[in-house]
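Inspection log for the structure reproduced underneath, given as structure tokens.
Now the structure itself:
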């Protein structure tokens, strides 16, 4: 093992003589100051080359691991060993002990433990409420995992300008495709990869989709017209004109004294594609949801309207509240 380590160090120093670092295929840069090592459970030790900085060649440089372990290796360029999945944060200092730079070394394995897998939605669930080019993706952290998002990459094969921001609780991201046009054909899918870190282990999760695949309208407004009818309208966040972005509505009406379960449509189901007035009676319940007429995308959440009555049978004067199910 000592001979192998010595030989690997010599080969590394020889390959670095021209001022550039040549690493093996198992090492790659995720982003500045973050190096990822592809590990295998059958391999105990991985050799990883590090550099403090081009400006520090020939200087007396010392190194630490995780700020509490002094390394024996000195100099601007060193080789460290990563055992199994034990990465680390390697920092370098000058002869006076002043901090210069650092490299975070993360071990990437093939397991899926940092976030949970939803049987219906997968690891990452992405959706948008219109064709404006923005979308939101969320996930659920695995049990007993102190996870963090270390990097987000969203692109299209033909080139793109997609920006993403992480929410404060690190449970979702909001992205915007600045080049997206709702009136043009969407030719290439969005390729989204999120890198999650727990301790010094990193896992990558990928999903690909068209905006039209993940569009899900907001809750459908139901407004009272008079004592005998209500109106179903397009969500305010939906694209206009409705003739170019039509929605299909699904309506379920339950008669008086019936237990209305919106999640289980019955024979009272109605489908239509425009804003519409519905006749209602005292005690009737109306459930409505919508989706894009031209795409087999997700339905919106159910909205429910109840025409309540007083105990004496008179209808309330105030408008009933709209509920989301």
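In mature numbering (1 follows the signal peptide of the UniProt record, and there is no 0), the protein residues as written are -19 to -1, 1 to 306.
All C-beta atoms in this analysis are idealised placements derived from N, C-alpha and C, irrespective of residue type, glycine included.
| said: My output table needs one value for residue 229: the three-state DSSP class, helix, strand or coil. | reply: In the structure shown, residue 229 sits in a strand (DSSP, three-state: E or B).
| field | DSSP-derived helix/strand/coil call for residue 28 | value | Strand, per DSSP.
| task | Starting from residue 106, trace the beta strand (DSSP E) both ways and give me its first and last residue. | result | In this chain, the beta strand (DSSP E) harbouring residue 106 covers 106 to 108.
| contact_flag[the stretch 95 to 104, the stretch 60 to 74] where n(CB pairs < 8 Å) is 3 or more | Here the stretch 95 to 104 makes no contact with the stretch 60 to 74; the two share fewer than three CB pairs at distances below 8 Å.
| Cβ pair count under 8 Å reaching 3, the stretch 30 to 42 against the stretch 145 to 154 | Fewer than three Cβ pairs drawn from the stretch 30 to 42 and the stretch 145 to 154 lie within less than 8 Å of each other, which leaves the two stretches out of contact.
| said: Short of 8 Å in beta carbon distance, which residues of its chain neighbour residue 125, apart from the five on each side in sequence? Order them along the chain. | reply: If we look at residue 125 and ignore the five residues flanking it on each side, it has no Cβ neighbours.
| task | Measure the alpha-carbon distance for residue 40 versus residue 58 and round it to whole angstroms. | result | Computed Cα separation, rounded: 10 Å.
| message | Nearest by alpha-carbon distance to residue 140: which of 212, 132, 171 is it? | response | Cα-wise, what sits closest to residue 140 is 171.
| field | Range of the contiguous alpha helix (DSSP H) that encloses residue 49 | value | Residue 49 -> no alpha helix (DSSP H), and no H or E assigned at all.
| message | Once DSSP output is grouped into helix, strand and coil, what is the label at residue 151? | response | Here residue 151 sits in coil by DSSP.
| Near residue 191, which residues of its chain fall below 8 Å by C-beta distance, leaving aside the five closest residues on each side in sequence? | Counting only Cβ-Cβ distances below 8 Å, and skipping sequence neighbours, we find 167, 170, 171.
| message | Under 8 Å, with one C-beta from each stretch per pair, do the stretch 107 to 125 and the stretch 201 to 213 reach the 3-pair mark? | response | Note that the stretch 107 to 125 does not touch the stretch 201 to 213; fewer than 3 beta-carbon pairs, one per stretch, sit closer than 8 Å.
| task | May I have the straight-line CA-CA distance separating residue 47 from residue 129, to the nearest angstrom? | result | Roughly 18 Å separates the two Cα atoms.
| task | Measure the CB-CB distance between residue 198 and residue 228 and report whether it falls below 8 Å. | result | Contact: yes.
| Going by DSSP, what residues sit across from residue 122 in a beta bridge? | Answer by DSSP bridge pairing, in chain order: 96.
| query | What residue from 63, 177, 232 has the CA that sits closest to residue 285's CA? | reply | It is 232 whose Cα lies nearest to the Cα of residue 285.
| query | Along the chain, which unbroken stretches of the beta strand (DSSP E) at least 3 residues long are found entirely within the stretch 62 to 89? | reply | Assignment of beta strand (DSSP E) within the stretch 62 to 89, counting only whole runs of 3 or more residues, yields 69 to 74, 80 to 89 in chain order.
| query | Roughly how far, in whole angstroms, is the beta-carbon of residue 135 from the beta-carbon of residue 156, given that I think they are within contact range, below 8 Å? | reply | With a Cβ gap of about 6 Å, residue 135 and residue 156 count as contacting.
| request: Give the secondary structure of residue 35 by DSSP, where H, G and I count as helix, E and B as strand, and everything else as coil. | output: Looking at residue 35 - three-state DSSP - the assignment turns out to be helix.
| said: Please state the DSSP three-state secondary structure of residue 160. | reply: When secondary structure is reduced to three states using DSSP, residue 160 falls in the coil class, being assigned neither helix nor strand.
| task | Starting from the C-beta of residue 76, find all residues in its chain whose C-beta is less than 7 Å away, skip the five residues before and the five after it, and write them out in chain order. | result | Only 41 meet the Cβ criterion.
| query | Just reading off the alpha helix (DSSP H) that residue 273 is part of, what are its end residues? | reply | No alpha helix (DSSP H) holds residue 273; the beta strand (DSSP E) holding it covers 266 to 273.
| task | Select from 120, 173, 144 the residue whose C-alpha is nearest the C-alpha of residue 138. | result | Minimum Cα distance to residue 138 is reached at 173.
| field | Member of 84, 82, 99, 195 whose CA lies at the smallest distance from the CA of residue 277 | value | Ranking 84, 82, 99, 195 by Cα distance to residue 277 puts 195 first.
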